[in-house]
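Q:
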Amino acid sequence: MTTRQHDIVIVGAGSGGIALAASLLKRQPKLDIAIIEPSDKHYYQPAWTLVGGGEYDIADSVRTMHSVMPNHAQWLQTAVTSFDPDASTVTCDNGDVIEYQQLIVAAGLALLWDSIPGLVETLGKNGVCSNYSAEFAPSTWQNVKNLKAGTALFTMPMVPIKCAGAPQKALYLSASHWEKQGTLANTQIEFHNAGGALFSVAAFVPNLEKQMASYGAQVNLGSNLVAVDGASQTAWFESKDAEGNVQRSERKFDMLHVVPPQKPHAFIKNSPLANADGWVEVDQGTLQHTRYPNVFGLGDCMSAPNSKTTAAIRKQVIIVAENLLALRAARPMLSQYDGYSACPITVGRDQLILAEFGYNGVLMPTFGKDPLPPRKIGWLMKKFLFPKVYWQLMLKGHEWLARAKTPKAK
4 MTTRQHDIVI
14 VGAGSGGIAL
24 AASLLKRQPK
34 LDIAIIEPSD
44 KHYYQPAWTL
54 VGGGEYDIAD
64 SVRTMHSVMP
74 NHAQWLQTAV
84 TSFDPDASTV
94 TCDNGDVIEY
104 QQLIVAAGLA
114 LLWDSIPGLV
124 ETLGKNGVCS
134 NYSAEFAPST
144 WQNVKNLKAG
154 TALFTMPMVP
164 IKCAGAPQKA
174 LYLSASHWEK
184 QGTLANTQIE
194 FHNAGGALFS
204 VAAFVPNLEK
214 QMASYGAQVN
224 LGSNLVAVDG
234 ASQTAWFESK
244 DAEGNVQRSE
254 RKFDMLHVVP
264 PQKPHAFIKN
274 SPLANADGWV
284 EVDQGTLQHT
294 RYPNVFGLGD
304 CMSAPNSKTT
314 AAIRKQVIIV
324 AENLLALRAA
334 RPMLSQYDGY
344 SACPITVGRD
354 QLILAEFGYN
364 GVLMPTFGKD
374 PLPPRKIGWL
384 MKKFLFPKVY
394 WQLMLKGHEW
404 LARAKTPKAK
């Protein structure tokens, strides 16, 4: 066992962990920062929707972890197994104990592929695919290209999940391709959403309903995928009737796009840092832990009630960086996260609704136009601009259009 000491320890080297380390080091280059991350690859996950739609190469969505690690940050290639916030330490699976002055948990969430019986065995074959995996997103596009007629099912589990708009993005891009190929009329499309609304922000729902209708897609709310048999291309769904009785239905398919249920990682859920639901418990404004002042949460693993997207993380990074450094300097933490998130909803192959919103569904458009209708400019930003912003700005600590709004001192 080795004991190491660092000023700041970041758990997770996804978009939040890397961007935060870069942001902190741009502000204070002499900080001693360690990033704990077992993976040797870093992915730009928002591109996987486009991969599944045949508009992006999966190879362009990945870099080596070494290449994105900020200079002067120490990468500890291991995994955290437990937290001891009273002692300000974390323990890793290689036995090392890491001491910290401040801790940021940015470990993402867990995708529960094996929670749906039969799914793991058939992913990537028998018409079953998912844009929620670098391994299987390319098979989505293969299925879309190969389907000339038949039934295509698209699923969405209960939230919270990564990018809650992504399940229907897969449907829109697929349907748009079939429309252009002249095969849409031969395809029965169904969207099975375990939740009760097409989108969490009501203002966007009417336009999304129009998009579903334009493709002839049948929307099934409250319908949850519970089992798959790939060999017979059969899926089973459960829903509740008006009296609350569970009903089970069987659907045959030619293509099935699955979004797995998602939950907090066990090593977070079973730790003192978790709230009752298993998320890192933070103040939704400062993103500081509610019980351990030298701990912050960042990204998909924490409890703030925002939509879990990369765009949200980009804003959160600034909040955590400024508040953490204020804490280290014994100054007031003035930066407040307003819940901003963005979901670029690709409703066709050249049209996109840029849904930007904050806490309580407040609309927060960046570019000043009516954010509700689809626009081509949004599509161009999603496909060409946003990846460059991610790799060249966000992960390098640049904060273009991401600055925190600091309230005026009273």
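Under the numbering used here, the very last position in the sequence shown is 413; numbers go up by exactly one each time. Ideal Cβ positions, reconstructed from N, Cα and C, are used throughout, including at glycine. Owing to the predicted nature of the structure, the values given are computational and were not obtained by experimental measurement.
(1) Is Arg317 helix, strand or coil when you go by DSSP?
(2) Which value, in whole angstroms, describes the spacing of the CA atoms of Phe416 and Ile38?
(3) What does a CB cutoff of less than 6 Å around His45 pick up in its chain, not counting 5 residues either side in sequence?
(4) What is the DSSP secondary structure of Arg418, counted as helix, strand or coil?
(5) Grab me the residues of Val208's own chain with a C-beta within less than 7 Å of its C-beta, minus the 5 sequence neighbours each way, in chain order.
(6) Measure the C-alpha to C-alpha separation of Asp87 and Tyr103 and round it to an integer number of angstroms.
(7) Under a Cβ-count criterion, where at least 16 other Cβ atoms within 10 Å of its own Cβ denotes burial, should Lys411 be classed as buried or exposed?
(8) Would you report the Cα separation of Val93 and Val100, rounded to the nearest angstrom?
(9) Quick one: complete beta strand (DSSP E) runs, 3+ long, within the stretch 121-164?
(10) Kindly indicate which three-state DSSP category His69 falls into: helix, strand or coil?
(11) Helix, strand or coil for Ala412, going by three-state DSSP, please let me know.
(12) Answer with buried or exposed for Ile380, where buried requires no fewer than 16 other C-beta atoms within 10 angstroms of its C-beta.
(13) To the nearest angstrom, how far is it from the Cα of Gln48 to the Cα of Thr6?
(14) Apart from the five residues just before and just after Gln236, which ones in its own chain have a Cβ nearer than 8 Å to its Cβ?
(15) Just tell me which of Ala76, Lys148 and Leu126 has its CA closest to the CA of Glu138.
(16) Quick check on Phe370: does DSSP put it in helix, strand or coil?
(17) Quick one: residues in its chain with C-beta nearer than 8 Å to the C-beta of Cys95, no 5 flanking neighbours on either side, listed in chain order?
(18) Which class does Asp10 belong to by DSSP, given the choice of helix, strand or coil?
(19) Give me the Cα-Cα distance between Asp270 and Tyr175, rounded to the nearest whole angstrom.
(20) Flag Lys128 as yes when its Cβ comes closer than 8 Å to any non-hydrogen atom of the ligand PLP, and as no otherwise.
(21) Phe270 lies in the beta strand (DSSP E); which residues open and close that run?
(22) Let me check one thing: in DSSP terms, what residues is Gln250 bridge-paired to?
(23) Report yes or no: do the stretch 53-60 and the stretch 142-153 share at least 3 C-beta pairs separated by less than 8 Å?
(24) Should Gly185 be labelled buried (16 or more other beta-carbon atoms within 10 Å of its own) or exposed?
(25) By DSSP, does Ser18 sit in helix, in strand, or in coil?
(26) Under a three-way DSSP split, which group does Phe202 fall into?
(27) Is the Cβ of Asn273 closer than 9 Å to any Cβ of chain C?
(28) How about Ala188 and Gly219: are their beta carbons less than 9 Å apart?
(29) Any chance the stretch 303-316 sits against the stretch 159-171, with 3 or more Cβ pairs inside 8 Å?
(30) Hey, is the stretch 397-406 in contact with the stretch 15-33, meaning 3+ C-beta pairs nearer than 8 Å?
(31) Tell me which residues share the same chain as Pro263 and place their Cβ nearer than 8 Å to its Cβ, disregarding the 5 neighbours each side in the sequence.
(32) Just list the residues that DSSP pairs Pro347 with in beta bridges.
(33) Taking the beta carbon of His75 as the centre, do at least 16 other beta carbons fall within 10 Å, making it buried, or is it exposed?
(34) Look at the Cβ atom of Pro374, then the Cβ atom of Ala358, and state whether they are nearer than 9 Å.
(35) Return the bridge partner residues of Val285 from the DSSP annotation.
(36) Grab me the residues of Gln265's own chain with a C-beta within less than 8 Å of its C-beta, minus the 5 sequence neighbours each way, in chain order.
A: So, to answer that:
(1) helix
(2) The question about residue 416 has no answer, for the chain in this structure spans 4 to 413.
(3) Arg66, Met68 and Val71
(4) Only positions 4 to 413 of the chain appear in the structure, and residue 418 is not among them; the question remains open.
(5) Ala200, Leu201 and Phe202
(6) 11 Å
(7) Residue placement at Lys411 is poorly supported in this model, since its pLDDT is 34, which falls under 50; the coordinates are not used for a value here.
(8) 6 Å
(9) 153-159
(10) helix
(11) In this prediction, Ala412 has a pLDDT of 33, which is less than 50 and means its spatial position is unreliable; what the coordinates show is noted afterwards. Here Ala412 sits in coil by DSSP.
(12) exposed
(13) 34 Å
(14) Asn129, Gly130, Lys255, Phe256, Asp257 and Leu259
(15) Leu126
(16) coil
(17) Ile39, Leu79, Thr81, Ala82, Val83, Thr84 and Ile101
(18) strand
(19) Inspection of the sequence shows that residue 270 is occupied by Phe rather than by Asp. In a straight line, the C-alpha of Phe270 is about 36 Å away from that of Tyr175.
(20) The ligand PLP is not part of the structure shown, which contains no ligands of any sort.
(21) Careful: Phe270 lies outside any beta strand (DSSP E), inside the alpha helix (DSSP H) at Ala269 to Lys272.
(22) Ser242
(23) yes
(24) exposed
(25) helix
(26) coil
(27) Looking for chain C here will not work: only one protein chain is present.
(28) yes
(29) yes
(30) yes
(31) Leu114, Leu115, Trp116, Ser118, Ile119, Leu122, Ser133, Tyr135 and Pro160
(32) Leu357
(33) exposed
(34) yes
(35) His292
(36) Leu112, Ala113, Leu114, Leu115, Pro160, Pro163, Ile164 and Lys165
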